[in-house]
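One structure is given here, and the rest of the page talks about it.
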Amino acid sequence: MNTNSKPMKEVTAYADGSSLGNGQTTKTRAACAAILAHGASAKAFAEYIGAASNQQAEIRAAILAVRSLKEPCRLHVISDSKYVVATMTPGPGQFKRKANHELWTKLDEAIEAGGHIVTFQWTRGHSGNARQEAADYLAHTVSTAQRIEPFMLRRAVARFDAGREQEALPPMPPPVPTTGNLFSNPGAQAAA
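Note that the numbering used here has the sequence shown beginning at 735, numbered continuously upward.
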């Protein structure tokens, strides 16, 4: 929990996982991606996972989003994974954690260690939400290439920014004045 007296920054993350082969073959290639936005600033993060199921890649995308923050924030994670959203959202309809216990623990620990307040929202995948599709593009591109290249991250941010301009959604909230870079993740590659 954040005990700091200054207001927490509001960050939105579009997170997605991709698993080509979905854990069923020895040739499975999985990756996760998160595009974090604060005000007019957006930054993409990705991680090549290797052999993992789609559910595992989706959880890893949420972990990546949380771990990419350098300071306690109010993080709103938007995902096309009902599995992740329904598991992390308390109340009626909350999914029980029957599998992937290690990953759920890592997600819980990342939220707690960072002092974040995190909410989750489901969005339909592949339905014209350009911002979510930018995260999907990045996860799929990294899983296909089996590596991360800076141009992939830049292209994902460009798609995200184009989606922000095209969609008839309310603009991101204005940024809280900050010093330094808000996003960080030493284990993943990122581009602004």
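Beta carbons are placed, not taken as given, at the ideal position from N, Cα and C, and that holds for glycine.
The model shown is predicted, which means the values in this text are computed figures rather than measured ones.
Test item: CB-CB of residue i and residue j under 9 angstroms
i             : j           : result
proline 753   : serine 787  : For clarity, residue 753 is serine in the given sequence; the question names proline instead. The answer is yes: Cβ separation under 9 angstroms.
tyrosine 871  : alanine 896 : no
histidine 874 : leucine 803 : no
Sequence-distant residues of its chain with Cβ nearer than 7 angstroms to residue i (five each side left out)
i           : result
valine 876  : Ala765, Ala767, Ala780, Tyr782, Ile882, Met886
glycine 848 : Val800, Leu803, Pro806
Buried versus exposed call for residue i [16 or more other C-beta atoms within 10 Å across all chains shown]
i             : result
glycine 784   : exposed
glutamate 846 : exposed
histidine 860 : exposed
threonine 746 : buried
arginine 865  : buried
arginine 888  : exposed
lysine 777    : buried
Proximal residues to residue i (C-beta, below 8 angstroms), its chain only, five neighbours per side dropped
i             : result
leucine 841   : Ile793, Ala796, Ile797, Val800, Met822
glutamine 790 : Gly751, Ser753, Gly757, Ala764, Ile783, Asn834, Leu837
glutamine 855 : His810, Val811, Ile812, Ser813, Val819
arginine 893  : Ala864, Glu867, Ala868, Tyr871
Own chain, CB closer than 6 angstroms to residue i, minus 5 neighbours either side, in chain order
i                 : result
arginine 763      : Leu754, Ser877, Gln880
phenylalanine 829 : Ala820, Thr821
threonine 857     : Ile812, Asp814, Asn863, Gln866
threonine 853     : His810
3-residue-minimum beta strand (DSSP E) runs that sit fully inside the segment 817-903, ordered along the chain
851-856
What are the start and end residues of each continuous alpha helix (DSSP H) run of 4 or more residues lying completely inside the segment 759-805, in chain order?
788-801
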